[in-house]
Amino acid sequence: MANMTLRKNSVTRLIAPVALALTLAACSSSPKAPERLDITQAPVETSSAYILKADQQQGTLQADFLIMALKASVQEQNFALATNLLTRLKGLQLSPTQTAEMQLNHAKMLKSQNKFDEALQVLNFEAWWKIEDSQWVEYYQLRYELHLFNGDNLNAARELISLNAYTPEDQKQQLWSQVWTSISSFNSTNLQDIKLDESETTLHGWVQLATYLDTLKHSPTRLQEALNEWLQANPTHPAATYTPQEVLDILALEIVRPDNVALLLPLSGRFGPQAIRVRDGFINGMMEDKERGEFTKFKVIDTGSASMEEIMATLTQEDIQFVVGPLLRSKIEEFQSLNETNIAQLALNIPTEVNPEENSCYFTLSPEQEAEQAAIHLFEQGHKHPLFLAPQGTMGERLSQAFSDKWYQLTAKKPSISYFGKKSQLQQKVNSVFGIESSQARIYQMNALAKMELESQPRSRRDIDAVYMVAKSSELVLLKPFIDVAINPGITPPKLYASSRSNSGRQTKLVEIKGIEFSDIPLLIKEDHKFKAQYDELWPKSSNGETRLHALGMDAYQLIAELPQMKAVDNYHMQGKTGELSINQQCVIQREMSWAIHGEETE
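Residues -33 to -1, 1 to 570, numbered by mature numbering (1 follows the signal peptide of the UniProt record, and there is no 0), are exactly what the sequence shown covers, in order.
Shown next, in the form of C-alpha cells:
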C-alpha cells in the first residue's frame, strides 16, 4: 500500500507543472494584440508589416495599423500604396486623432510630389478637435512650409503665429524671427496691399514695423523715433520681447549727420568737365534733401589748383566733418596718407589697394562692377555658355577678367572671351569666334583631298547661348548683323547683351540694334519723368555720359546720410540714381544696375 500511495503522489506532482507549461506555451503562441497604438510616433516597421497586422484586426485598432501603414508608405515613397490606403481609410469611421494623422501624411505625400496647393486643401484640422499638441505643431509647421513653397509669405506668417501657442519658450525667438523674415520680405507696394482682419493684431504689428522700415529707411532719425514710439506703445507685442536684430541695429545707431561737408574735385585741368558734372549732381541732391538742416555747411575745393597739404590745412581750419572725394586715385591715396585727424571720407574712385582700417568708403561708376553684374544677370537668365566680347586693350582685359572671375564663382566654369579691334575686322573676328573660319578651312581641306568641290556649308558653334558685348552703339550696329549671319539656319541664336557703352542716347541707329538687352543706371532706363523734366530744363542737351556723372554726384550726397545704416544693417540697400546700392566688407559701394532692351520704350 505504501508503494501505491507514493506513485499516486508522484503523478499528481508531475501533472501540475506540465499543465502550467502547456498553458504558458499556449499564451506564447497566441500573443494578445495591443488595445491601441501611438499613431503619432514614426513608423518602426514596413508598410507591408503594418498592413498584415491591420488585416488581423477590426475597428479602431485596424484603423491604427492602417494609419501606420500609410505613414510607412509615405516614408518609403510608395505613393501608389499610400493612395490605396487613403481610399481604404476614408471608408472607416475615424477619431479626430486618426483623421489628423491621415491628413498630415496625405499632405506630406502631396508635398513630395510638389502639389503644394492640393496639400494645403487636405490639411484642414477642426478647432474643436481634442488631439495631441504634437499634431497641432506638425500641422502648423507643415502648412507654413507649404505656403513658403507657394511664395505666400503672408499666410506663412499666419501659420507661425498660430504655432506660437505650442512653441516652448526657448524656441520662441527663432519662431518670431521667422515671422519677421516672412513679413520684411515684402516691398513697399505689397505692404500697402496687405489686408488684415481686425482680430489679427499680432500680424498687424509686424506689418506696421516692416512698413516703418520701408517708408522711413532714408530718414534714420525719423525711423528711430517711429520705432521707439511703436515699441513703447505696444509692450505686449512679441516684437517688444523678441525684437528683430535689424530693428535693434537701427535703434542702436548713433546718428550724427555731418553738418560741415567738403567736396574735393579736380574742377580745373583735364578732368574739369567731368568734375563739374559730379559737383552739379551733388548740389542737386543737396537741394532736394528735405531732411537737410538749415545750418548745414558745404564747401567745394578744387584739387587741381591746390596741393593736398593746403587742402588738409583748410579742412582742419574749417572743422570739416565729412569729405566726399577726391575723384582721382592718386589724390585719394595722398589724402589718406595725410588724414591724421581721421576725417570720414567717401572717395569717388577705388584705389589699387583698399585699407579697411581707413575711415573711408568708396563709390564710383566702375566698369568692372558692371561686368560682374552682367555675369550675374546672364547666370540668372539661365545661360550656360556665354561669350564675352570686348575691345582690344587694357580696358577690355580688365572687364573680361571681372566677368570671367564672377562667372567662375557662379558656375565653376570659365566663359569664352574674345577681343575685337578695328571695325573693318569685325566680321572676320565674329566668324572666327563662332568657328566659321575653322569650319571653312576643313571644307577646303576636304575639297582638296577629294579633288572636287563638295556641297557643304560652314557650321557655326552650337554651344554659345549668350553674347555680352562691351561696345559702342556704332560697333553694335555692325556686330549684331555679323553675329546673325554667322549662325546657321535652324540653330537657336544666342541672346545678345550689351554694356551701358551701347546706350549713347542717340536714337538714330536703334533699328539696327533693336532687341539687344543692355544695362545702365536707373535714371536712364527707369525714368522718373518729373525729375527728368527738371533735369532737362536745368542741364539741357546733356549726353548720357554726363547724366551718369550727375547721378553719381546725387548718390554721393545721399550716401552721406545712408552710410551709417548700410554699415550697421546686414543686406541694407539704397535705391539710388545710379542703381541699387549696398556695401561690401571693405565699404566699397556695390551697384546693381537696371536692364532694358534697345528699341523698346523705357518705363
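C-beta: ideal position from N, C-alpha, C; glycine also. This structure is a prediction, so every number in the text was calculated from the model and none was measured.
Bounds of any beta strand (DSSP E) do not take in Glu192; it lies within the alpha helix (DSSP H) bounded by Pro187 to Ala200. Of the other Cβ atoms in all chains shown, 16 or more fall within 10 Å of the Cβ of Pro211; this residue is therefore buried. If you ignore the 5 residues before and after Ala342, its C-beta comes within less than 7 Å of the C-beta of Phe370, Lys373, Trp374 and Leu377, all in its own chain and listed in chain order. In the three-state DSSP reduction, Met541 falls in the strand class (E or B). Contact between the region 107 to 118 and the region 176 to 196 is not established, with fewer than three Cβ pairs separated by less than 8 Å. Pairwise C-beta distances place the region 550 to 558 in contact with the region 317 to 332, as three or more of them are shorter than 8 Å. The shortest C-alpha to C-alpha distance from Val400 to any of Glu442, Leu366, Leu446 and Phe498 is the one to Leu446.
In terms of CA proximity to Gln29, Gly58 leads the group Gln199, Asn538 and Gly58. Excluding sequence positions up to five before and after Ser383, its CB lies within less than 8 Å of the CB of His352, Pro353, Leu354, Phe355, Val400 and Ile431, all in the same chain and listed in chain order. Using a Cβ distance threshold of 8 Å, Asp247 and His517 count as a contacting pair.
Using a Cβ distance threshold of 8 Å, Leu218 and Gln175 do not count as a contacting pair. In the three-state reduction of the DSSP assignment, Phe116 falls in the helix class, which pools H, G and I. Taking C-beta atoms as the reference points, Gly271 and Gly236 count as a pair closer than 8 Å. Cα atoms of Glu301 and Arg259: separation of roughly 30 Å, rounded to the nearest angstrom. Counting only residues of its own chain and dropping the five nearest sequence neighbours on each side, Ala229 has a CB closer than 7 Å to the CB of Lys266, Ile268, Leu282, Ile287 and Val290.
One alpha carbon belongs to Arg296, the other to Ile317, and they sit about 7 Å apart.
Cβ-Cβ separation between Leu71 and Leu33: approximately 15 Å, too far for a contact (criterion under 8 Å). Fewer than three pairs of CB atoms, one per stretch, sit closer than 8 Å, so the region 386 to 399 makes no contact with the region 454 to 473. As a beta-bridge residue in DSSP terms, Ala314 pairs with Tyr329. According to the DSSP assignment, Ile278 belongs to the alpha helix (DSSP H) that extends over Met275 to Gln284.
Distance from the CA atom of Tyr111 to the CA atom of Glu12, rounded to whole angstroms, is 29 Å. For Asp487, the enclosing beta strand (DSSP E) stretches over residues Glu484 to Asp487.
Non-local beta-carbon contacts of Gly388 in its own chain, meaning distances under 8 Å to residues more than five positions away in sequence, involve Pro358, Gln359 and Lys396 in chain order. Using a Cβ distance threshold of 8 Å, Met69 and Phe46 do not count as a contacting pair. Under a 10 Å Cβ-count criterion, Pro10 is classified as buried, with 16 or more other Cβ atoms of the shown protein chains found around its own Cβ.
Here Asn470 carries a coil assignment [DSSP, helix/strand/coil]. For Tyr179, the closest of Leu163, Leu443, Ser151 and Lys534 by C-alpha to C-alpha distance is Ser151. Gly546 places its beta carbon less than 8 Å from that of Ile488. In the same chain as Ser510, and ignoring 5 residues on each side of it, the C-beta atoms closer than 7 Å to its own belong to Gly472, in chain order. In the DSSP assignment, the residues bridged to Pro358 are Phe387. With contacts defined by Cβ atoms closer than 8 Å, Ala523 and Leu345 do not form a contacting pair.
Minimum Cα-Cα distance from Glu479 among the listed residues Pro448, Lys508, Trp506 and Asp503 corresponds to Pro448.
Under the rule that a run must span 4 or more residues, the alpha helix (DSSP H) segments found entirely inside the region 225 to 263 read 239 to 254. Put simply, the region 130 to 147 does not touch the region 196 to 204. Fewer than three CB pairs are less than 8 Å apart.
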